[in-house]
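Trainee:
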Amino acid sequence: MEEKKILFSAIQPSGILTIGNYLGALRNFKKLQSDYQSIFSLADLHTLTVKQEPANLRKNTYELTALYLACGIDPNESILFAQSHVSAHTELAWILNTICYPGELSRMTQFKDKSKKHEDNINMGLMDYPVLMAADILLYQTELVPIGADQKQHLELARDLAIRFNNRYGETFKVPEGYIGKNGARVMSLTEPEKKMSKSDANENGFISMNDDKDTIIRKFKRAVTDSDNKIVFDESKPGISNLLTIYSACKDITIEQAEKEFEGKMYGEFKLKVGEAVADIVEPIRLEKERLLANKDYIDEVLKNGAERAERIAYKTVNKVYKKVGLVPRKWN
Ligand code: TYM
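For the sequence shown, the working numbering gives the first residue as 13, with consecutive numbering after it.
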């Protein structure tokens, strides 16, 4: 049998996920998992680049593991693990640091945005974030990386570092491709549709969390910013309506054009209600299943343990290869 190609992606357990994370990433993980040897990680080390309350980080890590499972990630078929459990990630990040230049990192959009947002804590980790992400990806000889549009720049860096390393030391890494879904790759805030929907938004009405119940979801969509026009069409000058059309079509798995047609001549009020219902239909069963899984922490610990053991076996093959290529003396004991 032909071996499956490797797919890798990760999510930070930095808070309760939004439907942006779901529509831009998680949903595609589920769709793609069987076609690849899929490896999914909880990027817990990445979260430390902004201040975390330790107890919350632990809680969010369990929450996210349960959410992965509730969204249909099969821990037997795929590999699901926490980044901090496999130390190969930080080991490879160190080596990649030695071929990455500060200028490449300081011009990253996310670094600039987060530096503005966390002025009191512009730490080295925040700048080095994309190098650890490159290590995550390259460790597994990954071919496909499903991500939302906001991570595209980071993926480009991972590709550049792979090519640079290969040129300097000989063929070592696969050069990964990104997978950005057609619909839902950039879900915007409901209150400020020029801004990306984010779990760290101070205004709770701006995002739909995967923990919101149906009433909350409908209420937030009723309040969503639209415009003074009355046409339900996708247009750059109508960011609020365009975002709602994106969310609706992604939830229903239809094209934007089909969604526009469905709401032709309809009022904004009715449209917003329908979008809210479509979202609640997806979020509600996932939330209930997640709660059910969370009640059994031992099971979650078991999933993470198995995942880490399987991930480690693959990851250390790459680390050993890299250490050899750069000239480190291999360990003669174990
Ligand atoms: P994170 O945790 O910020 O987000 C997880 C995934 O959700 C996508 N996403 C969105 N998609 C559409 N609309 C939005 N508003 C939206 N917000 C977030 C993100 O693009 C991402 O795919 N650096 C990564 C985590 C990471 C990673 C990796 C990803 C660490 N190592 C290796 C891929 C491969 C991040 O911060 O994602």
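Backbone N, C-alpha and C define an ideal beta-carbon position, used for all residues, glycine too.
Only a predicted model underlies this, so the values are computations on that prediction, with no experimental measurement involved.
(1) If you pair each beta-carbon of the segment 257-275 with each one of the segment 284-291, do three or more pairs fall below 8 Å?
(2) Using the three-state DSSP reduction, which class does Gly190 fall into: helix, strand or coil?
(3) By a C-beta neighbour count over all protein chains shown, 10 Å radius and 16 as the cutoff for buried, is Arg299 buried or exposed?
(4) Below 8 Å on the Cβ atoms is my guess for Phe20 versus Asp140; work out the distance and round it to an integer in Å.
(5) Is the beta carbon of Leu202 closer than 8 Å to that of Tyr3?
(6) Quick one, are the C-beta atoms of Arg180 and Ile111 less than 8 Å apart?
(7) Pick out the complete alpha helix (DSSP H) segments inside the segment 95-180, 4 residues or longer, and give them in chain order.
(8) Closer than 8 Å is the cut-off here; do at least three beta carbon pairs connect the segment 120-140 with the segment 55-65?
(9) Residues in the same chain with beta-carbon distance under 7 Å from Asp213, minus the five sequence neighbours each way, listed in chain order, please.
(10) Return the first residue and the last residue of the beta strand (DSSP E) that Leu54 is part of.
(11) Indicate whether the contact test is met: 3 or more Cβ pairs, each with one atom in the segment 222-231 and one in the segment 29-48, closer than 8 Å.
(12) Looking only at its own chain, which residues have a Cβ that is under 6 Å from the Cβ of Leu81, when we skip the five neighbours before and after it?
(13) Taking just the CA atoms, how far does Leu117 sit from Phe123?
(14) Once the 5 residues before and after Tyr311 are set aside, which same chain residues still bring their CB inside 8 Å of it?
(15) On the criterion of 16 or more Cβ atoms from any shown chain inside 10 Å, does Asp56 qualify as buried, or is it exposed?
(16) Taking only the alpha-carbon atoms, compute the straight-line gap between Pro188 and Lys164 and give it to the nearest angstrom.
(17) For Asn215, which residues of its own chain have a beta-carbon under 6 Å away from its beta-carbon, when the five flanking residues on both sides are left out?
(18) Going by other Cβ atoms of all chains shown within 10 Å of its Cβ, with 16 needed for buried, is Val199 buried or exposed?
(19) Helix or strand or just coil, what does DSSP make of Leu92?
(20) Would you say the beta carbon of Leu35 comes nearer than 7 Å to a heavy atom of the ligand TYM?
(21) Where Val331 and Met145 are concerned, what is the direct C-alpha to C-alpha distance, given to the nearest angstrom?
(22) Where does Ser249 sit, in a helix, a strand or coil, going by DSSP?
(23) Can you tell me whether Gln45 is buried or exposed, with buried defined as 16 or more other CB within 10 angstroms of its CB?
(24) Take Ala161 as the anchor and find which of Tyr152, Ile192 and Ile175 has the nearest alpha-carbon.
(25) If you draw a straight line from the alpha carbon of Val54 to that of Leu340, how long is it in whole angstroms?
(26) At a threshold of 7 Å, does Met145 count as lining the ligand TYM (C-beta to nearest heavy atom)?
(27) Given a cut-off of 8 Å on the beta-carbon distance, is the pair Ile159 and Gly196 in contact?
(28) Which first and last residues belong to the alpha helix (DSSP H) in which Ile18 is found?
Mentor: Taking the coordinates as given:
(1) yes
(2) Within the sequence shown, residue 190 is the residue found at index 178, counting from 1. In the three-state reduction of the DSSP assignment, Gly190 falls in the strand class.
(3) Translated into the one-based positions of the sequence shown, residue 299 becomes position 287. Label assigned to Arg299: buried.
(4) As a working note, residue 20 is residue 8 in the sequence shown. As a working note, residue 140 is residue 128 in the sequence shown. About 19 Å; that fails the 8 Å criterion.
(5) Any answer about residue 3 is impossible in this case: the structure gives the chain only from 13 up to 346.
(6) Within the sequence shown, numbered from 1, the residue matching residue 180 stands at position 168. Within the sequence shown, numbered from 1, the residue matching residue 111 stands at position 99. Yes, these two residues count as a Cβ contact at 8 Å.
(7) 100-109, 114-118, 121-129 and 136-150
(8) The segment 120-140 is in contact with the segment 55-65.
(9) Residue 213 sits at position 201 when you count from the first residue of the sequence shown. Once the five neighbours on either side are set aside, the close Cβ partners of Asp213 are Ser201 and Phe219.
(10) In the sequence shown, the residue the question calls residue 54 occupies position 42. For Leu54, the enclosing beta strand (DSSP E) has its first and last residue at Gln49 to Leu54.
(11) Because the criterion of three Cβ pairs below 8 Å is met, the segment 222-231 and the segment 29-48 touch.
(12) Against the sequence shown, residue 81 aligns to sequence position 69. Answer for Leu81: Leu305, listed in chain order.
(13) The residue you call residue 123 lines up with position 111 of the sequence shown. The residue you call residue 117 lines up with position 105 of the sequence shown. Roughly 8 Å between the two C-alpha positions.
(14) Along the sequence shown, one-based indexing puts residue 311 at 299. For Tyr311, where only same-chain residues beyond five positions count, the Cβ hits under 8 Å are Leu305.
(15) Taking the sequence shown and counting its residues from 1, one reaches residue 56 at position 44. Label assigned to Asp56: buried.
(16) Counting from 1 along the sequence shown, the entry for residue 188 is found at position 176. Counting from 1 along the sequence shown, the entry for residue 164 is found at position 152. If I take the Cα positions, the gap works out to 12 Å.
(17) Along the sequence shown, read from residue 1 onward, the residue named residue 215 stands at position 203. Spatial neighbours of Asn215 in its own chain (CB-CB distance under 6 Å, excluding positions within 5 residues in sequence) are listed in chain order as Thr203.
(18) Numbered from 1 along the sequence shown, position 187 holds the residue referred to as residue 199. So Val199 ends up on the buried side.
(19) The residue labelled residue 92 in the question sits at position 80 within the sequence shown. Of the three classes helix, strand and coil, the one that applies to Leu92 here is strand, per DSSP.
(20) Walking along the sequence shown from the start, residue 35 turns up at place 23. Yes, Cβ of Leu35 sits closer than 7 Å to a heavy atom of the ligand TYM.
(21) What you label residue 331 is simply residue 319 of the sequence shown in a count that begins at 1. What you label residue 145 is simply residue 133 of the sequence shown in a count that begins at 1. Cα to Cα, the separation comes out at about 15 Å.
(22) Sequence index remark: in the sequence shown, residue 249 carries index 237 (1-based). When secondary structure is reduced to three states using DSSP, Ser249 falls in the coil class, being assigned neither helix nor strand.
(23) By 1-based counting over the sequence shown, the position of residue 45 is 33. Buried, because 16 or more other Cβ atoms sit within 10 Å of the Cβ of Gln45.
(24) Within the sequence shown, residue 161 is the residue found at index 149, counting from 1. Relative to Ala161, the option among Tyr152, Ile192 and Ile175 whose CA is nearest is Ile192.
(25) Your numbering for residue 54 matches position 42 in the sequence shown. Your numbering for residue 340 matches position 328 in the sequence shown. Correcting the residue type first, residue 54 is Leu in the shown sequence and not Val. Cα to Cα, the separation comes out at about 29 Å.
(26) The residue given as residue 145 occupies position 133 in the sequence shown. Yes, since a heavy atom of the ligand TYM falls inside the 7 Å radius drawn around the Cβ of Met145.
(27) If you number the sequence shown from 1, residue 159 lands on position 147. If you number the sequence shown from 1, residue 196 lands on position 184. Using a Cβ distance threshold of 8 Å, Ile159 and Gly196 do not count as a contacting pair.
(28) Position 6 of the sequence shown, counted from the first residue, corresponds to residue 18. It is not in any alpha helix (DSSP H) - Ile18 instead sits in the beta strand (DSSP E) that spans Ile18 to Ile23.
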